[in-house]
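Trainee:
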Amino acid sequence: MHYNCYFKNHLKFGFFSFLLTLILTTFAFSENLIKSHGISNFGDLKYPSDYASLTYVNPTAPKGGEISTWAFGTFDSLNRYIVKGNAAGSGNIFIETLMTGTADEPDSLYGLLAESIEYPEDRSYAIFTLRPEAKFSDGSTVTSADVVFSHYILLEKGIPSLKQVFSGIEKVEELSEKQVKFIFKEPSENNELLMLAASSSVFSKRFFSTRDFSESSLEPMLGSGPYVLAEIEVGKRLVYKLNENYWGNHLPINRGRNNFKKIRYEYYADTTAAFEGFKAGEYTFRSENSSQKWAQDYNFPAITKEIIKKESLPDGNLGAAQAFFFNVRLDKFKDPKVREALGLMFNFEWSNKTLFFDLYDRVTSFWENSEMKASGMISESELRVLKPFQQHLPEKVFTEPAYVPPKSSPNKIDRKNRRRAGKLLTQAGWELKNGLRKNEAGKTFKLEILNYSPAFDRIINPFIENLKLIGIDAKHTRIDSTQYTERVRSFDWEIITSTYGNSMTPGIDLVQRFSSETADVPSRNLVGLKNQGIDEIVRLAIKAKSRQELNNIVRGLDRSLRAMHLWIPQWYKNVHTVAYRNQYSYPSILPPFDLGAFDFWWYDEAKAAEILGK
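In case it helps, numbering that gives the first Met the number 0 puts the sequence shown at residues 0 to 613.
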């Protein structure tokens, strides 16, 4: 408040009113507010407020050319924020957040739509100041009203599990056209809620004033991002083009990024057709997930002529928590002995040698390839975390080493694991009678593995054969991707292959993956886990005050989840196996947490000219 306001108040209300106003105003200004260009969960930010660009990009990278890749299946929606429809995986390309992360810091966010964050020491609220130049692609200004609208529309019509994710936010309100305030239900001793607010997606309130957010649509959302839709062929192709008038080109966070004039996605009904499309030049960049193809099939003429380049590049990110997952909502999977027994019949060692050319390591942890992975017997520090919840956790958490699937023989059938699996099933009440496992009521143990990819046939079918050897009436059902999506959403499945996309800095995202609150709604809690002890460990992780404390809590969480046998872990590799038309360049030192092909690689005209002559 300006001093002339004090003088007017004094004249109008008298001296005591003036004194009271002065005291209250002075108190308000005495509150120790922290203001920053970024926010980190723990410790200091790597980049100062005057940074010129991210250290891993080429800040002078040229803008031009096209990069293209493939996607599996089909799509009938561009809205990834709702349950309805089969959304294109790239559908959020139009939308920006208040702040954004980098590929070299797992714990930090820097200003994007917002130029700053301001908060008190008790972290009871956060105020974001939007950049005055921030605009949607139609030229309209991004305002605090858009931020408020976005929060509440996601609560009302977005993916249901977001209600749990946002549960710590009391309200979001406009302070002015360019300032918005997130008020939290309780003060906090860490930055988790600040990070959550800072990562808020921002939609256009005006755009959705005439559209229903909850309905799937092929109309692209009006966003503020660097790309807009250039072409769409429903279910088959999406092409995005760089917005020449993108408001954020000048920002340090964007310098050396968004380098391609066009990004194209080609959709294929099966993986074989997708690979043949790559060989034929239908798209230019491929991340290869098939070890068989990587070992045997990259010998076509474009490779030998070096028109296509094949590379293994370092990957410092988490090993993907890829596995066969159980739907533990079903009675047949309630007993962990049953889940452990079924897991013993997947022979990774045989698969890796026979099918994968020994290119993979086995996943054993939900946080593989990180210091959050539990190992050995429980440590004293983990015990202090888990002891209060011991009654809700498997006894093995406290008495045995962190569970690692026993190694199988290189033979397809491991007799030791087969005997162990049979014993566990018998203990769980599934007796072997006339070659089939039956319970006391005489019901046969039937099991279906649901799949949409022909590439997984050669992995699932031997597993099915092994399950039958222990008396399981198992079958493999392959359906198209649309049916698969609907069945998974409606929990109409028994075992599927999927990946838990865990974070390098787990926090509120753990609610979506492991909390009882998200078990019975479409969410990332794929298996339907409900466990009071896990709920409490998740709450502790969210409140962690340091990286060391978080790592310790997550190790305890990892140990507990693995003891529950919620999955049959599959495989991972610590490199990116990629092939691409040799017309792209990338920085000499790649960041640890993202390959960045569609982010900070660039089209190299000299290389492109060279391969045209081949």
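We treat Cβ as the ideally placed atom computed from N, Cα and C, and that holds for glycine.
Since the model is a prediction, treat every value here as computed from it, not as a measurement.
Please list, in chain order, all residues of the same chain as Ile231 whose beta carbon is under 7 angstroms from its beta carbon, the five residues on each side excluded.
Mentor: Excluding sequence neighbours, Ile231 sits near Leu217, Leu237.
Trainee: For Lys184, which of His150, Pro219, Ser123, Leu312 has the nearest alpha-carbon?
Mentor: The shortest C-alpha separation from Lys184 is found at Ser123.
Trainee: Are the Cβ atoms of Leu317 and Val577 separated by less than 9 angstroms?
Mentor: No, the Cβ-Cβ distance between Leu317 and Val577 is not below 9 angstroms.
Trainee: Is it true that the CB of Glu493 sits closer than 9 angstroms to the CB of Phe325?
Mentor: Yes, they are a contact pair.
Trainee: What are the boundary residues of the alpha helix (DSSP H) that Thr615 is part of?
Mentor: There is no way to answer for residue 615, as the model of the chain reaches only from 0 to 613.
Trainee: Okay, do the segment 458–471 and the segment 276–285 touch, 3+ Cβ pairs below 8 angstroms being the bar?
Mentor: Segments in contact, no.
Trainee: May I ask you to list the residues that DSSP assigns as paired with Gly37?
Mentor: Note: Gly37 sits in a beta bridge opposite Tyr109.
Trainee: I need the DSSP call for Trp366, collapsed to helix, strand or coil.
Mentor: The answer is coil: DSSP assigns Trp366 none of H, G, I, E or B.
Trainee: Within its chain, find whatever has a CB closer than 6 angstroms to the CB of Ser187; leave out the 5 residues flanking it on each side and keep chain order.
Mentor: So the qualifying residues of the chain are Arg122.
Trainee: Looking at C-alpha atoms only, which residue of Ser199, Gly72, Gly84 is the closest neighbour of Glu485?
Mentor: Among Ser199, Gly72, Gly84, the Cα nearest to that of Glu485 is on Gly84.
Trainee: At which residues does the beta strand (DSSP E) containing Gln321 begin and terminate?
Mentor: Segment 320–325, the beta strand (DSSP E) holding Gln321.
Trainee: Quick one: what does DSSP say Thr96 is sitting in, helix, strand or coil?
Mentor: DSSP places Thr96 in strand when its eight states are reduced to three.
Trainee: In whole angstroms, what separates the C-alpha of Ile478 from that of Tyr282?
Mentor: Going by the C-alpha atoms only, they are around 26 angstroms apart.
Trainee: Here's the rule: buried if 16 or more other CB atoms are within 10 angstroms of the residue's CB, otherwise exposed. What is Pro105?
Mentor: The residue in question, Pro105, is buried, as its Cβ has 16 or more Cβ neighbours within 10 Å.
Trainee: Under three-state DSSP, which class holds Asp121?
Mentor: Three-state DSSP puts Asp121 in coil, outside helix and strand.
Trainee: What did DSSP end up calling Tyr499 once you bin it into helix, strand or coil?
Mentor: Correct three-state label for Tyr499: strand.
Trainee: Give me, in chain order, the residues of the same chain whose beta-carbon lies closer than 7 angstroms to that of Pro505; leave out the 5 immediate sequence neighbours on both sides.
Mentor: Same-chain partners within the cutoff: Ala540, Val553.
Trainee: Among Glu367, Ser160, Leu385, which has the Cα closest to the Cα of Tyr499?
Mentor: Considering only alpha carbons, the answer is Glu367.
Trainee: With Leu241 as the anchor, note down where its beta strand (DSSP E) starts and where it stops.
Mentor: Counting along the chain, the beta strand (DSSP E) containing Leu241 begins and ends at 236–241.
Trainee: Would you check if the distance between the CB atom of Ile567 and the CB atom of Gly421 is smaller than 9 angstroms?
Mentor: It is not a contact, given that the beta carbons lie outside the stated cut-off.
Trainee: What number of angstroms, rounded off, separates the C-alpha of Glu265 from the C-alpha of Gly612?
Mentor: Going by the C-alpha atoms only, they are around 26 angstroms apart.
Trainee: Could you tell me the distance, in whole angstroms, from the CA atom of Glu439 to the CA atom of Gly428?
Mentor: Straight-line Cα distance between these residues: approximately 7 angstroms.
Trainee: Compare the C-alpha of Trp69 against each of Gly441, Glu305, Glu287, Ser380 and name the closest.
Mentor: If we check each option's Cα against that of Trp69, Glu287 comes out closest.
Trainee: When the Cα atoms are used, what is the spatial distance from Lys529 to Ala86?
Mentor: Spanning the two alpha carbons is a distance of roughly 28 angstroms.
Trainee: For the beta strand (DSSP E) containing Phe181, list its first residue and its last residue.
Mentor: Its beta strand (DSSP E) spans residues 178–183.
Trainee: Considering only the alpha carbon of each residue, which of Ile459, Phe490, Phe397 lies closest to Leu556?
Mentor: Closest by alpha carbon: Phe397.
Trainee: For Glu172, tell me which candidate among Glu381, Lys156, His150 has the shortest Cα-Cα distance.
Mentor: The shortest C-alpha separation from Glu172 is found at His150.
Trainee: Assuming the contact rule is C-beta atoms closer than 8 angstroms, Tyr118 and Leu193 should be a hit. Round their C-beta distance to whole Å, please.
Mentor: Their Cβ separation, rounded to whole angstroms, is 6 angstroms, which keeps Tyr118 and Leu193 in contact under 8 angstroms.
Trainee: DSSP state of Leu193, grouped into three classes?
Mentor: Helix at Leu193.
Trainee: Could you compute how far the alpha carbon of Asp43 sits from the alpha carbon of Gly90?
Mentor: Roughly 33 angstroms separates the two Cα atoms.
Trainee: Tell me whether Phe332 counts as near the ligand GDP, meaning its Cβ is closer than 8 angstroms to at least one heavy atom of that ligand.
Mentor: Only the bare structure without any ligand can be found here, which leaves the ligand GDP out of the picture.
Trainee: Can you give me the Cβ contacts of Asn242 inside the same chain, cut-off strictly under 7 angstroms, excluding the 5 residues immediately before and after it?
Mentor: Taken in chain order, the residues that qualify are Ser136, Pro225, Tyr226, Val227.
Trainee: Taking DSSP as the reference, what is the three-state secondary structure of Ala293?
Mentor: Looking at the sequence provided, one finds Trp at residue 293 rather than Ala. Correct three-state label for Trp293: helix.
Trainee: Using a 10 Å radius around the Cβ and a threshold of 16 neighbouring Cβ atoms, would you call Val537 buried or exposed?
Mentor: Burial call: buried.
Trainee: In angstroms with no decimal places, state the Cα-to-Cα distance between Lys386 and Leu565.
Mentor: Those two C-alpha atoms are separated by around 21 angstroms.
Trainee: Shortest alpha-carbon distance to Ser107 belongs to which of Gly37, Pro586, Asn433?
Mentor: Looking at the Cα atoms, Gly37 is the closest of the given residues.
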